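J.: Below is the structure I would like to discuss, written out as structure tokens.
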Amino acid sequence: MTTIPAHALELHRSALVVDTHNDTLIWVLDGKRDLGIRNREGHIDIPRLREGGVKVLLCACYTPASLMPDRCASRVLKLIDTMYRLLARHPGDLTLARTVGEIEQGVQKGKIALVLTVEGGHGIEDDLGILRMFHRLGVRSMTLTHFNNNNWADGSGPHQTIPNHGGLTDFGREVIREMDRLRMIIDISHASEETFWDVLDVSTRPVIASHSNAYTLAPHHRNLKDDQIRALARRGGVIGINYFPPFLSSQASAAWEEMVESETYQQIQEEWADDLLARERAVEQLARAVIPPVPFSLILDHIDYIVNLVGVEHVGLGSDFDGISVTPQGLEDISRVPLITAGLLERGYAEADIRKILGENWLRVFREVWGA
22 MTTIPAHALE LHRSALVVDT HNDTLIWVLD GKRDLGIRNR EGHIDIPRLR
72 EGGVKVLLCA CYTPASLMPD RCASRVLKLI DTMYRLLARH PGDLTLARTV
122 GEIEQGVQKG KIALVLTVEG GHGIEDDLGI LRMFHRLGVR SMTLTHFNNN
172 NWADGSGPHQ TIPNHGGLTD FGREVIREMD RLRMIIDISH ASEETFWDVL
222 DVSTRPVIAS HSNAYTLAPH HRNLKDDQIR ALARRGGVIG INYFPPFLSS
272 QASAAWEEMV ESETYQQIQE EWADDLLARE RAVEQLARAV IPPVPFSLIL
322 DHIDYIVNLV GVEHVGLGSD FDGISVTPQG LEDISRVPLI TAGLLERGYA
372 EADIRKILGE NWLRVFREVW GA
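In our numbering, each residue carries its 1-based index in the sequence shown increased by 21.
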């Protein structure tokens, strides 16, 4: 499907479209991307957000594990500062949202509502005071880990420098309780299975997986198994479908895992150890050469699977744009998101259910966790 039917476009434009994960801020900070113009590289800028009809964007403050133990919080602060400078530069297009009310007010004014998140709990440097300060600055969600373990929670990655804790440590449980108290959304994308179950044991609020898929369809450690999906749904949470081909397709996943074990990949990691964006560009070039093409319809397959497993109320969109090295065919950047709406209509989804998937499910969780 290359041309999007008029009815699908009309539905998409009228819906509140939410994307719960991207890494655009690092490209603005380090790559000096101008979001005010349509860029030839990357996946997100204001013109393409407008074209794609995306009205709410959760923007990650991602900190590489290489900055542990004591350079992570300053990196997060630089990314938060990048967000505030973006808002000042584009006041007619962008607005910061810390509440559902601010999302709704911003969208009503024709602006794109941006929500700050932290990707990787190592960003708080094992300090609840830093967590509280991030919240005061506007951060409303945090993934507990990245691929790596930190000092209080296990990530899903297979190669760890910090030994596994078996889930959350005692301090990790304190982090969960403090996030609940602050009404900050707990994001279990990237967390290990043990960490996932410990979170559900401690937290009393809905938790999310902002950018993860169904393990049954693509058996990668970043995806959720059926029992995890059911448990997250029982808690009232939502899973945001990640567009990264290795998390959508078992064939792409196998190719990716072979690639990351290759000598070429390891050389890239070593050569560009201190230059995140140069490293990402080199990985992108390598991935495009070895990852088999994946059709965007696999995104719809993962949506179908989760809907059939736990209901339409527990799935949304979490692209991981600007953080993924390859994209599905047809969904090359955020301007192409209406293709998902067209695909859901083609598969027989009711318009009311499509609106839930596009954003209403997320808004429900935001309201339940953040309050009004």
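For every residue, glycine included, the Cβ atom is placed at its ideal position computed from N, Cα and C. The structure displayed is predicted, hence computed values, not measured ones.
By Cβ distance, which residues of its chain are closer than 7 Å to L88, with the 5 residues on each side in sequence left out?
T.: R96
J.: Report the three-state DSSP secondary structure of S356 (helix, strand or coil).
T.: helix
J.: Which residues in the same chain have their Cβ closer than 7 Å to the Cβ of A363, if we skip the five residues on either side of it in sequence?
T.: Closer than 7 Å at Cβ, skipping near neighbours: M22, I25, P26 and A29.
J.: Could you check the C-alpha separation between A275 and E282 for me, to the nearest Å?
T.: Distance from the CA atom of A275 to the CA atom of E282, rounded to whole angstroms, is 11 Å.
J.: Distance, Cα to Cα, D147 vs G339?
T.: The C-alpha of G339 is placed about 27 Å away from the C-alpha of D147.
J.: Given V315, which residues of its chain have a CB within under 6 Å of its CB, disregarding the five upstream and five downstream residues?
T.: P266, L269, S270, A273 and P349
J.: Would a C-beta distance cut-off of 8 Å place V331 and R251 closer than the cut-off?
T.: Cβ atoms of V331 and R251: closer than 8 Å.
J.: Kindly confirm or deny that the segment 64-75 and the segment 352-366 touch, where touching means at least three C-beta pairs closer than 8 Å.
T.: yes
J.: Which of the three DSSP states, helix, strand or coil, is assigned to D208?
T.: Under the three-state reduction of DSSP output, D208 falls in the strand class.
J.: When burial is assigned at 16 or more other CB atoms within 10 Å of the CB, is E279 buried or exposed?
T.: Exposed, because fewer than 16 other Cβ atoms sit within 10 Å of the Cβ of E279.
J.: Does DSSP classify A310 as helix, strand or coil?
T.: helix
J.: Classify D219: buried if its beta carbon has 16 or more other beta carbons within 10 angstroms, exposed otherwise.
T.: buried
J.: Just to check my reading of the structure: L165 and E199 have Cβ atoms closer than 8 Å, yes? What is that Cβ distance to the nearest angstrom?
T.: The Cβ separation is near 12 Å, so there is no contact.
J.: Between D208 and S231, is the Cβ-Cβ spacing less than 8 Å?
T.: yes
J.: So, helix, strand or coil for H42, using DSSP?
T.: strand
J.: Residues in its own chain within less than 7 Å of N244 by CB, not counting five upstream and five downstream?
T.: S233, N234, A235, Y236 and F268
J.: Is it right to say G176 is buried, meaning 16 or more other beta carbons lie within 10 angstroms of its own, or is it exposed?
T.: Under this definition G176 is a buried residue.
J.: Assign K53 to buried or exposed, taking buried as 16 or more other Cβ atoms, counted over all protein chains shown, within 10 Å of its Cβ.
T.: exposed
J.: Drop a sphere of 10 angstroms on the beta-carbon of F387, count the other beta-carbons inside from all chains shown, and report buried for 16 or more, exposed for fewer.
T.: buried
J.: Which one of M163, N43 and Q129 has the shortest CA to CA distance from I145?
T.: M163
J.: Just reading off the beta strand (DSSP E) that E140 is part of, what are its end residues?
T.: I133 to E140
J.: So, is G392 buried or exposed, given that buried needs 16 or more other C-beta atoms within 10 angstroms?
T.: exposed
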